[in-house]
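Engineer: Under numbering that gives the first Met the number 0, the letters of the sequence shown match residues 0 to 452, in that order.
Beta carbons: idealized from backbone N, C-alpha and C, even for Gly.
Structure incoming, see below.
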Amino acid sequence: MNYVQHTEADKAAMLAAMGKRSIDELFETIPPDCRYQGELPVEPALTEDALLREMKALADRNVSADDHASFLGAGLYRHFCPALVDNLVSRTEFWTAYTPYQPEASQGTLISILEWQTMMCRLTGMSVSNASLYDGATAVVEAVLMALRLKQEAKAPAGRVLVSQGVHPDARGALATYLKSLGVKLVEIALEDGATPSGGISQLAGNDVAAVVVQSPNFFGVVEDVESLCHAAHAFEAFAVVTADPDALTVLQPPGPQGADMVCGEATPMGNKPWFGGPGVGYLCGRMEHVRQMPARIAGETVDAQGRRAVVLTFQTREQHIRRAKATSNICTSQQLMALRATIWMSLLGKEGFVELGRTNLSRAHYAAERLSKIPGYALAYPNRPFFKEFTLKTPLPAAKLNQVLLKKHEIIGGYDLGRLDKSHANHWLLAVTDMNTKDEIDRLATALVSIR
């Protein structure tokens, strides 16, 4: 992209083409009291070399997990990513056609979408997947909206949605925002010892409940009893929506065979970096009988006029393609570039490599939990609950203080301070330990915690 500024002659020519004599005349429809008066208080322009030095100085103030040990997770995680992912995704064929608005001319991109869908279905144990969604929170919302449409289609009441307090706070916040405008009540299911009780679902049961949303492993790291939770939801004909970290499904039983109707979540940790700059990639999988209510794009395989294999967008149920009243979502695009990275990453790891990565996460997290919980004053918050790569630790000092000291004195990025969500949990620390955390890093964290008073 060209960032060279327009010259005065360029501006004059454009204004003349619009029949305007000045910039002020161009914006005369904006009321004067809504316009900024005077010169903007910005620093003088810099030369290119001075600007590069300034930008580097600002960037150097950031702390990166590339040069610090990091135990921060809470939804986004670091995993090993082969260099070939960057190499392949940078090919111009993908850069220039990452969103298939003209699918017939984007066979390579469509094939990659089909591969993504196939891999996500195999991973979750479901029968259909879409091309991807904006992020994990969006995916949870879209799964619930899908359940509401299915209820409406069946002419069944749908005035409430139940969501476990173990679901990521961002997803619960997004759900609350969407459902408020729809007049649907969002009811939270309280946790017991860090897990969602199936009895808690039964107590809130009713034929007006459209969906029950749970997460496993949940936000606090606890692996939920997905099968019993799905069974509890189905007892009063509610849809079971399960959100899950994809790499946890390499060692845990997939939600599909356990009764989930929709499986969704954040797939950014697969082949993408947490500090990429903002974009995530959500996934949503469901059952084939519900496919017509699935939002966004779905790629499928067919043959062309010459009988050759071809991939097309089988479903495009967004409002840009069909009548707005019939659209399943107003999502304008998929996060295809991020999904492509995840697809390449899964392909490079292969089935055995992906499972090995999951086992490595599991073993290192359990080593860390055992090592840290032996330090005087520290203990697992939920010692009787299974966990995968993340766990909650009770701490003798506020987690916020631990994070501050660890960063300044030990160059360690600590875990998530749960006191940010609830002040009563100021001494609760959510730690993520993955394949990127070596045994030496874990031991260094333990040594540092012993020294902090």
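Tell me whether H365 sits in a helix, a strand or coil according to DSSP, three-state version.
Structural biologist: For the purposes of this step, residue 365 is taken as the residue at position 366 of the sequence shown. Correct three-state label for H365: helix.
Engineer: Might you give, ordered along the chain, the residues of its own chain that have their beta carbon closer than 7 angstroms to the beta carbon of M0, omitting 5 neighbours on each side?
Structural biologist: Position 1 of the sequence shown, counting from 1, holds the residue named residue 0. No answer about M0 holds up, because its pLDDT of 47 lies below 50 and its placement is not dependable.
Engineer: Alpha carbon to alpha carbon, what distance is there between S328 and S69?
Structural biologist: Along the sequence shown, one-based indexing puts residue 69 at 70. Along the sequence shown, one-based indexing puts residue 328 at 329. Cα-Cα distance, rounded: 37 angstroms.
Engineer: Quick one: what's got a C-beta closer than 6 angstroms to V354's C-beta in the same chain, skipping five residues either side?
Structural biologist: Translated into the one-based positions of the sequence shown, residue 354 becomes position 355. Result list for V354: T249, in chain order.
Engineer: Would you mind stating whether G281 and A266 have Cβ atoms separated by less than 8 angstroms?
Structural biologist: On the sequence shown, position 282 is the one that residue 281 refers to. On the sequence shown, position 267 is the one that residue 266 refers to. Yes, they are a contact pair.
Engineer: If you run the structure through DSSP and keep just helix, strand and coil, what is E187?
Structural biologist: Taking the first residue of the sequence shown as position 1, residue 187 is located at position 188. Strand.
Engineer: Are the beta-carbon atoms belonging to C229 and M125 less than 8 angstroms from one another?
Structural biologist: Translated into positions along the sequence shown, residue 229 becomes position 230. Translated into positions along the sequence shown, residue 125 becomes position 126. It is not a contact, given that the beta carbons lie outside the stated cut-off.
Engineer: Evaluate the contact criterion for the stretch 23-33 versus the stretch 356-375: three or more CB pairs, one atom per stretch, below 8 angstroms.
Structural biologist: The stretch 23-33 makes no contact with the stretch 356-375: fewer than 3 CB pairs, one atom from each, lie closer than 8 angstroms.
Engineer: If we call anything under 8 angstroms between Cβ atoms a contact, is A239 one with G270?
Structural biologist: On the sequence shown, residue 239 is found 240 positions in, with the first residue counted as 1. On the sequence shown, residue 270 is found 271 positions in, with the first residue counted as 1. Contact flag unset, no.
Engineer: Considering only C-alpha positions, which residue in the set D439, G357, G352 and Q292 is nearest to W326?
Structural biologist: Looking up residue 326 in the sequence shown gives position 327. Position check: residue 326 holds Ala in this sequence, whereas Trp was assumed. Among D439, G357, G352 and Q292, the Cα nearest to that of A326 belongs to Q292.
Engineer: Take the Cβ of K422 as the centre, count every other Cβ of all protein chains shown within 10 Å, and call the residue buried at 16 or more, exposed below.
Structural biologist: Sequence index remark: in the sequence shown, residue 422 carries index 423 (1-based). Exposed, since its Cβ has fewer than 16 Cβ neighbours within 10 Å.
Engineer: Roughly how many whole angstroms lie between the Cα atoms of A295 and A189?
Structural biologist: Indexing the sequence shown from 1 puts residue 295 at position 296. Indexing the sequence shown from 1 puts residue 189 at position 190. Those two C-alpha atoms are separated by around 32 angstroms.
Engineer: Do S215 and V225 come within 8 angstroms of each other at the CB atom, strictly closer than that value?
Structural biologist: Position 226 of the sequence shown holds residue 225. Position 216 of the sequence shown holds residue 215. Going by C-beta atoms, V225 is nearer than 8 angstroms to S215.
Engineer: Since G264 contacts P245 with CB under 8 angstroms, what's their CB separation in whole angstroms?
Structural biologist: Working through the sequence shown from its first residue, we reach residue 264 at position 265. Working through the sequence shown from its first residue, we reach residue 245 at position 246. Yes, they are in contact, since the Cβ atoms of G264 and P245 sit about 7 angstroms apart, within 8 angstroms.
Engineer: Where A210 and P196 are concerned, what is the direct C-alpha to C-alpha distance, given to the nearest angstrom?
Structural biologist: Within the sequence shown, the letter at position 211 stands for residue 210. Within the sequence shown, the letter at position 197 stands for residue 196. Straight-line Cα distance between these residues: approximately 16 angstroms.
Engineer: Using CA coordinates, which residue listed in G172, L444 and A368 is at the minimum distance from V140?
Structural biologist: Here residue 140 is taken as the residue at index 141 of the sequence shown, counted from 1. Minimum Cα distance to V140 is reached at G172.
Engineer: Taking DSSP's pairing of strands, which residues face I441 in a bridge?
Structural biologist: In the sequence shown, counting from the first residue as 1, residue 441 sits at position 442. Its beta-bridge partners do not exist; DSSP assigns none.
Engineer: DSSP puts R159 in a beta bridge; with which residues?
Structural biologist: Against the sequence shown, residue 159 aligns to sequence position 160. DSSP, once it has assigned bridges, lists K184 and V208 as partnering R159.
Engineer: Note down, in chain order, each residue of its chain lying with its Cβ closer than 7 angstroms to the Cβ of A454, except the 5 sequence neighbours on either side.
Structural biologist: Past the edges of the chain, shown from 0 to 452, lies residue 454, and the structure says nothing about it.
Engineer: Where are the alpha helix (DSSP H) runs, 4 residues long or more, that stay fully inside the stretch 14-60, in chain order?
Structural biologist: 22-25 and 47-58
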